[in-house]
Structures are given as C-alpha cells and as structure tokens.
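With the working numbering, the residue at position 149 of the sequence shown is 159, and numbering never jumps. Glycine is no exception: its CB is placed at the ideal position from the N, C-alpha and C atoms. All values reported here derive from a predicted model rather than from experimental measurement.
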Amino acid sequence: MSEKGTSTIVTVLSVILIFILLLTGGWITEYSVRYLIYPWIKNISHKWNGRGTKQKPTVLPPIFREIVEYTRTTFHQVLTPEEIDNLINSMKLFAIDYEPDQQPAAVNRALHRISTLDLHHFGWNIGKRLKKDNPGIAHFLKTQFPVVFKNSTEASMKKKLKSEDGRFMIDIIELDKELSPVNLNKIIHSQA
Numbered sequence: 011m012s013e014k015g016t017s018t019i020v021t022v023l024s025v026i027l028i029f030i031l032l033l034t035g036g037w038i039t040e041y042s043v044r045y046l047i048y049p050w051i052k053n054i055s056h057k058w059n060g061r062g063t064k065q066k067p068t069v070l071p072p073i074f075r076e077i078v079e080y081t082r083t084t085f086h087q088v089l090t091p092e093e094i095d096n097l098i099n100s101m102k103l104f105a106i107d108y109e110p111d112q113q114p115a116a117v118n119r120a121l122h123r124i125s126t127l128d129l130h131h132f133g134w135n136i137g138k139r140l141k142k143d144n145p146g147i148a149h150f151l152k153t154q155f156p157v158v159f160k161n162s163t164e165a166s167m168k169k170k171l172k173s174e175d176g177r178f179m180i181d182i183i184e185l186d187k188e189l190s191p192v193n194l195n196k197i198i199h200s201q202a
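Below is the structure:
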C-alpha cells in the first residue's frame, strides 16, 4: 500500500474513533449527570434547605383523647353534635400546629348559656395541655367562636384566659390535675 492510502485509512479510522469516543462520551456524560450528579446535588440541596427547620408534629399528643372526652362531655348539652365534631376537628389541627387557609368556625352562633369567661377557661384548659401559648389559644378561640368573641380582640383575650373576675361555670383545671368534664346542664338548671 502506498503512503497516501495508509494515511487515508488512518484518517478515516481516526475520525471513526473520535466519533465513537464523542458518542459514548456524550452518553456517559448525559447518564452520569442525569443519574449520578443531579440526584447527588438534589440530595445535598434538600439537606441544606432542611437544616435548622423544625418539623411540625403530625401525630396527636397522648393527652388528646382526654381533651376530646372533656370537650364532648362538657359541651354535650350546649353545642350540637355537629358543632362538637367541628370543634374537635379544629382542635386536632390546633394540636399539630396546622392552620389551613380557610378553617370554618366550629360554632358560628351566639351561646346564651355560657359566658366568654367559660370559653376562656376551656381554651386555657385544653391549650396548656397541648403546650400552646396564650396568643395561640386566644387565636384558636377567636376563630372557632367568632360570634361569641366578635367584640373581643386576641390581645385582650390572651390576658383573660385564666381570669376569675366574673361569673363562670368552667373552672381552670391546673396542669397537675386530671382534666375532668364540667356538667354544664346541671349547673345551668341549679342556677335557674
């Protein structure tokens, strides 16, 4: 073979080899980016973004059953079963610190048999057992009983949660005591 024919063959083989290397190199690059590098960066990014943020609990605390029983038994003569169920559903969200954009009020009417002080005490009794602060409890009460608290501000409510100035039937139950329901019906009839 001549020198010119050999160089042509070498050139063609070189072009084919370069093409194969580029083609396989492109595939290797694409798949390594898609299946190795991108997931690795995504994982690091997820870990970095999650640092320092506290996960919200999604499991109800053990005391919640007692709180539900207290609520049902205390209000069974004052609220409708539907209102009690709505209140308990709202309490579940309150317990796990979840506040949806649109949360319907549990009780959207005036309550004539119990006072705002009774509801303040109720809020304190359940809220403190759920480890909530006074502003959180006041907000919960204001959103769940909007008609009752229409003339109250959350700022004033948070100061009155444990107040004993005035008439009330629901007592404050200290945290070291058992959460025992109040028979509002018996108290209402004894006052009449």
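- Here residue 141 carries a coil assignment [DSSP, helix/strand/coil].
- Restricting attention to alpha helix (DSSP H) runs no shorter than 4 residues, the segment 52-108 encloses them at 74-85 and 91-105, ordered along the chain.
- Just measuring C-alpha positions, the residue of 170, 18 and 23 sitting nearest residue 133 is 170.
- Residue 165: member of the alpha helix (DSSP H) spanning 164-170, first to last residue.
- Taking a contact to require three or more Cβ pairs closer than 8 Å, the segment 75-83 and the segment 125-142 qualify as touching.
- When secondary structure is reduced to three states using DSSP, residue 40 falls in the helix class.
- Taking the C-beta atoms as reference points, residue 172 is found nearer than 7 Å to residue 182.
- Contact annotation, residue 87 with residue 194: C-beta distance approximately 6 Å; criterion of less than 8 Å satisfied.
- Judged by DSSP in its simplified three-state form, residue 187 adopts coil rather than helix or strand.
- In the structure shown, residue 156 adopts coil according to DSSP, grouped into three states.
- In this structure, the CA atom of residue 154 is about 22 Å from the CA atom of residue 69.
- The three-state reading of DSSP puts residue 17 in helix, counting H, G and I together.
- Minimum Cα-Cα distance from residue 116 among the listed residues 92, 189, 139 and 20 corresponds to 92.
- Contact between residue 136 and residue 77 holds: CB atoms are separated by about 5 Å, below the 8 Å threshold.
- A straight line joining the alpha-carbon of residue 174 with that of residue 184 spans about 14 Å.
- For residue 104 against residue 150, the beta-carbon gap comes to about 5 Å, under 8 Å, which counts as contact.
- No Cβ-Cβ contact shorter than 7 Å links residue 158 with residue 127.
- Setting aside the 5 residues that flank it on each side, residue 109 is surrounded in the same chain by 103, each with a C-beta closer than 8 Å to its C-beta; the list follows chain order.
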